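In my numbering, the protein residues as written are 35 to 281.
Presented below is the structure to which this report refers.
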């Protein structure tokens with residue numbers, strides 16, 4: 035999808051992008067190889083420069099993170115999914131200045147890593163730095179700002195997809211668990227019904243010595259991150275099909 039994208043170019047919005055597609059300019063290379071005036075000589079020259087830069091930086095996720103609106107970052111998924119990670123945090127509350135991160139989970143599509151406050155939370159900073167793309171649900175508002183507050187100066191992946199934006203475009207609103215149910219994605223019986231408030235209670239019970247509470251909290255966090263992948267795959271596939279149906 036990335037090389038079908040033109041809206042990262044200044045002055046090109048969704049309507050102009052769709053007009054280009056309708057005219058048979060489906061990819062960057064189609065524009066560059068067209069050989070005739072497409073919009074105007076001056077505008078074509080500018081767009082050509084931008085597309086040449088895009089090709090030069092097509093393996094640089096930060097280039098597109100700086101140019102695409104947050105709600106359109108899903109377009110980068112196929113280009114950078116081989117070094118992507120799904121992330122979710124648990125906390126003692128919603129306030130970065132008062133509350134604490136209790137658990138961070140990351141999932142690369144194969145392996146899960148869990149970082150627990152008081153055990154190995156500091157190891158997260160090194161672990162997360164090796165990825166190009168981080169995928170969250172509502173992470174732009176909650177997870178990533180909380181992490182930046184907790185780890186000042188942390189080097190997070192240079193590109194971020196917040197699935198909440200993508201799923202909303204496809205008509206799925208509300209929280210992650212609600213959307214999972216709508217799409218038939220199930221959680222294990224042991225953690226069915228657990229939500230953010232229950233996660234806080236589990237952490238408090240662990241602090242009072244209940245190790246099983248921590249085990250349940252980690253299982254809950256694991257489900258959060260592992261269920262993001264099928265949602266990302268579905269969302270990318272459906273949104274690409276929706277946009278490119280005329281191509």
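Glycine residues also receive a C-beta, built at the ideal position from the N, C-alpha and C atoms.
Note that the structure is predicted; figures quoted are calculated from it, not measured.
- Contact annotation: the segment 204-213 does not touch the segment 148-168, with fewer than three C-beta pairs closer than 8 angstroms.
- Between the segment 76-83 and the segment 111-123, the count of C-beta pairs closer than 8 angstroms stays below three; the two stretches do not touch.
- Remark: C-beta atoms of residue 237 and residue 126 approach each other more closely than 8 angstroms.
- Judged by their CB atoms, residue 108 and residue 36 are not nearer to each other than the 8 angstroms cut-off.
- When rounded, the separation of the alpha-carbon atoms in residue 71 and residue 65 is 10 angstroms.
- Judged by DSSP in its simplified three-state form, residue 232 adopts helix.
- Inter-residue distance for residue 132 and residue 180 is about 11 angstroms (C-alpha atoms, whole angstroms).
- Residue 259 is positioned such that its CB atom lies no closer than 8 angstroms to that of residue 156.
- Between residue 196 and the set 279, 266, 101, the nearest pair of CA atoms involves 266.
- Inclusion of residue 55 and residue 88 in the CB contact set at 8 angstroms is not warranted, their separation being larger than that value.
- Scanning the segment 153-221 from its first residue to its last, the whole beta strand (DSSP E) runs of 3-plus residues come out as 167-170, 193-196.
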